[in-house]
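J.: Each residue of the sequence shown is one higher than the one before, starting from 137 at the first, in my numbering.
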Amino acid sequence: MLVEQLLKLMGQKNKANSFPVTLPSDADPINVNTGNADPATGARQTTGNTTLASILTALQGTLNVNSGNADPATGARQTTGNTTLASILTALQGTLNMQRVAPGTTSYDVSITSGQSIGASAALAGRSPLRLIVGAAWTAADITIQTSADNATWADLYDAYGSVYTIKAAASRSIILPVADLIGINYIRLRSGTPTTPVTQTSGATLSLITQVL
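1. As a quick exercise: from 343, 256 and 265, pick the residue whose alpha carbon is nearest that of residue 320.
2. Less than 7 Å between the C-beta atoms of residue 338 and residue 249, yes or no?
3. Does the beta-carbon of residue 246 have 16 or more other beta-carbons within 10 angstroms, so that it is buried, or is it exposed?
4. By how many angstroms is the C-alpha of residue 298 removed from the C-alpha of residue 270?
5. Run the CB neighbour count on residue 308, radius 10 Å, all protein chains shown included, and call it buried at 16 or more, exposed below.
6. In chain order, what residues of the same chain have a beta carbon less than 6 Å from the beta carbon of residue 241, not counting five sequence neighbours either side?
7. Hey, which unbroken runs of the beta strand (DSSP E) at 3 residues or more fall wholly within the segment 314-341?
8. Buried or exposed: which applies to residue 336, given that a residue is buried once 16 or more other Cβ atoms fall within 10 Å of its Cβ?
9. In terms of DSSP beta bridges, what is residue 309 paired with?
10. To the nearest angstrom, how far is it from the Cα of residue 340 to the Cα of residue 257?
11. On the three-state DSSP scale, how would you describe residue 260?
12. Check for me: the beta strand (DSSP E) holding residue 345 runs from which residue to which?
13. Out of 296, 343 and 291, which one is the CA nearest neighbour of residue 331?
14. Among residues of its own chain, excluding the 5 on either side of residue 260, which ones have a beta-carbon nearer than 8 Å to its beta-carbon?
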């Protein structure tokens, strides 16, 4: 079907719609038409002619590579270089690495020393907490969170309903943290107990906050 259409366009088919036909040689001219139709006749307007040989030469030649920026004066795309079809094919025949490599995790020491209820602060630097690991020495208490923008002024973390954000903790636990709840925190530190009822850790509590860039 495609061959017949090409032959029809080149005027090589006979009236009986039969074969054989004579294909044009490399030197035979081929009309090159624009996409604009003649307003009077509706026919495509011929703008020039070329030959099969010249088309092949052009395809084996170079292609302009344009930037995405237009010339302020003319609006035309600005040519930034050129390349050959061969080099394009070479690039296309290469390999693409489509594997997404997951970023590594970072652990922060946010332990609470003996006799204290608030632990060391951690600068998350764009990372989000994923898990909290509680060591073997832990005086029974829930854990609450304080956050800060500058590591100087601290505020207790509450949820959208006005309740203190609380983590149910116990000794020797690895606790999953809801990532969406803790995105965008600059500095963080943990409290043993609640803002109104802090609990002193009698033996020192080892706490590790596992984070990851999302």
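By construction, the Cβ of each residue, glycine as well, lies at the ideal position given by its N, Cα and C atoms.
T.: Answer, in terms of the structure:
1. The sequence position of residue 320 within the sequence shown is 184, counting from 1. Nearest C-alpha to residue 320: 265.
2. The count along the sequence shown starts at 1 and reaches residue 338 at position 202. The count along the sequence shown starts at 1 and reaches residue 249 at position 113. No, they are not a contact pair.
3. Here residue 246 refers to the residue found at position 110 when the sequence shown is read from its first residue. Label assigned to residue 246: buried.
4. Translated into the one-based positions of the sequence shown, residue 270 becomes position 134. Translated into the one-based positions of the sequence shown, residue 298 becomes position 162. Going from the Cα of residue 270 to the Cα of residue 298 covers about 26 Å.
5. Here the question's residue 308 lines up with position 172 in the sequence shown. Its Cβ having fewer than 16 others within 10 Å, residue 308 is exposed.
6. Stepping through the sequence shown from its first residue, residue 241 is reached at position 105. Here the set comprises 346 and 348.
7. 323-328
8. Here the question's residue 336 lines up with position 200 in the sequence shown. So residue 336 ends up on the exposed side.
9. Taking the first residue of the sequence shown as position 1, residue 309 is located at position 173. Per DSSP, 270.
10. If you number the sequence shown from 1, residue 340 lands on position 204. If you number the sequence shown from 1, residue 257 lands on position 121. C-alpha separation (whole angstroms): 15 Å.
11. Taking the sequence shown and counting its residues from 1, one reaches residue 260 at position 124. Coil.
12. Counting from 1 along the sequence shown, the entry for residue 345 is found at position 209. Unbroken beta strand (DSSP E) run through residue 345: 343-348.
13. Here residue 331 refers to the residue found at position 195 when the sequence shown is read from its first residue. Ranking 296, 343 and 291 by Cα distance to residue 331 puts 291 first.
14. Mapped onto the sequence shown, residue 260 falls at position 124. Hits under 8 Å: 244, 321, 322, 323, 324 and 347.
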